[in-house]
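Asks:
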Amino acid sequence: MINYSDFRSDTVTRPTEKMRKAMAEAVVGDDVLGDDPTVQKLEELAAETMGKEAALFCPSGTMANSIAVKMWTNILEEVIVEERSHIYNMESTHMTFISGVTPRPVRSERGAMDPKDVIANIRKPNVHTPRTSLICLENTHNNWGGSVVPLDNFKAIRKIADDNGLRVHLDGARIFNASQASGVPVKEYASHVDSLMFCLSKGLSAPAGSMLVANRERIEFGRRLRKALGGGMRQVGVLAAPGIIALTEMVDRLKDDHVRAKKLAREISVLPGIKIDPATVETDILIFGFEHPTITVSAMLEKMKEKGILALAVLGGIRMVTHKDVGDEDVDRAVKVFREILGRS
Ligand code: TLP
């Protein structure tokens, strides 16, 4: 059996030995009845980390984003989203399906929407048009290759929201990657939004779970929404325990993933067919165009897989993500495989 180097996503990270031990030893209760002490500890830690009043442990980032949209909107309203955002493109239409609102996509520069474009897309309700009630941001931005959205952009969008009575939600699935790359504390990003979600199960390596963070009143409403969506879990301290380790011990090492992603980008950018400017790789994700005279994207992925390298097709190109379970040797192996398939330039 081939021992794969798995660059498909940072979601493939396996829990550490310490996480597995913490799972086995976790003190648990019934979280739906509100008495799982390990979940409570994680929720308090998440709220404190982000400088917000309260947090809600959710099974997935998608559910946390769904709850956030539902808790800030009413039916017949509209939500401004960045056109490549995960919440708009990759979460199975929950905005319409669950919240009864329509997304209004806005173009951006690597995930940062121009404040002028945001203002131009705010709609006041009349018999024809919906009211805009929410703006969604994403940082880092997955489909812009893990780009870091600048803090100034957060400030500008906060001001627009305040001027127009709107709320701001941040899909911060990888907010710790943004913080590690930019040096901006997570609390600083969080201070400009009304709610944010972040994932424990991506680069931070917990087996499951995402946190939704906001004011206490909205989080209590969110708790009811989570139950309605079937996300109330019972002795879930077993999943909160590795989440606590993710938050307290796995953040600093994300920097290593960024170094590896940049190295991989530099090495393969010179090969025929690969379209990437290594300078655009800011965190753990690289998305490159692939235009080869004889090899299609799917054929390339197949050839890579045969040689032990896993990656994903996205946006007509290829995505590779570095994480805890791919080290320097996996990056070297990937570079070697690319050279074997494509030859040197
Ligand atoms: N992203 C996954 C896939 O869905 C593509 C990945 O492999 O990157 N927000 C962002 C920015 C995300 O990247 C993801 C997951 C989510 C939300 C949803 O999180 P989950 O998978 O926990 O529902």
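For the sequence shown, position 75 (counting from the first letter as 1) is numbered 85 according to my numbering, and the numbering increases by one without interruption. Ideal placement from N, C-alpha and C gives every residue a C-beta, glycine not left out.
With a threshold of 8 Å (Cβ to nearest heavy atom), would arginine 120 be considered close to the ligand TLP?
Replies: The answer is no for arginine 120.
Asks: Is any heavy atom in the ligand TLP found nearer than 8 Å to the beta carbon of serine 205?
Replies: No, the Cβ of serine 205 stays beyond 8 Å of every heavy atom of the ligand TLP.
Asks: Can you tell me whether valine 324 is helix, strand or coil according to DSSP?
Replies: Reduced to three states, the DSSP call for valine 324 is strand.
Asks: Please classify glycine 353 as buried or exposed, where buried requires at least 16 neighbouring CB atoms within 10 angstroms.
Replies: Glycine 353 should be labelled exposed.
Asks: On a CA-only basis, which of Pro195, Ala183, Thr150 and Arg133 is nearest asparagine 75? Give me that one, please.
Replies: Comparing Cα positions, the closest option is Ala183.
Asks: Measure from the alpha carbon of leucine 180 to the alpha carbon of each residue in Asn174, Gly121 and Pro288, then state which is nearest.
Replies: The option with the nearest alpha carbon to leucine 180 is Gly121.
Asks: Would you mind reading off the limits of the beta strand (DSSP E) that contains phenylalanine 17?
Replies: Looking at the DSSP string, phenylalanine 17 is not in any beta strand (DSSP E), and its letter there is neither H nor E.
Asks: Along the chain, which unbroken stretches of the alpha helix (DSSP H) at least 4 residues long are found entirely within the stretch 239-271?
Replies: Listed in chain order, the complete alpha helix (DSSP H) runs (minimum 4 residues) inside the stretch 239-271 are 247-259.
Asks: Is the Cβ-Cβ distance between isoleucine 295 and methionine 330 less than 9 Å?
Replies: Yes, Cβ-Cβ distance for isoleucine 295 and methionine 330 is below 9 Å.
Asks: Going by the DSSP bridge assignment, what does isoleucine 351 pair with across the sheet?
Replies: The partner list for isoleucine 351 (beta bridge, DSSP) is empty, contrary to what the question assumes.
Asks: Just tell me which of Ser220, Val345, Arg263 and Arg236 has its CA closest to the CA of glycine 71.
Replies: Taking only the C-alpha atoms, the option nearest glycine 71 is Ser220.
Asks: Three-state secondary structure (DSSP) at arginine 24?
Replies: Residue state, collapsed to three classes: coil.
Asks: Hey, histidine 302 and threonine 23: beta-carbon distance below 9 Å or not?
Replies: In this structure, threonine 23 does not lie closer than 9 Å to histidine 302 by Cβ.
Asks: In or out: isoleucine 12 buried (at least 16 other Cβ within 10 Å) or exposed?
Replies: That one is exposed.
Asks: Going by Cα to Cα distance, which pick from Ser15, Tyr14, Phe17 and Lys31 is closest to proline 217?
Replies: The residue with the shortest Cα to Cα distance from proline 217 is Lys31.
Asks: Would you list the one or two residues that DSSP bridges to methionine 314?
Replies: The partner list for methionine 314 (beta bridge, DSSP) is empty, contrary to what the question assumes.
Asks: Please determine, among Gly253, Leu144 and Phe164, the residue with the shortest C-alpha to C-alpha distance to alanine 56.
Replies: Closest option to alanine 56, Cα to Cα, is Gly253.
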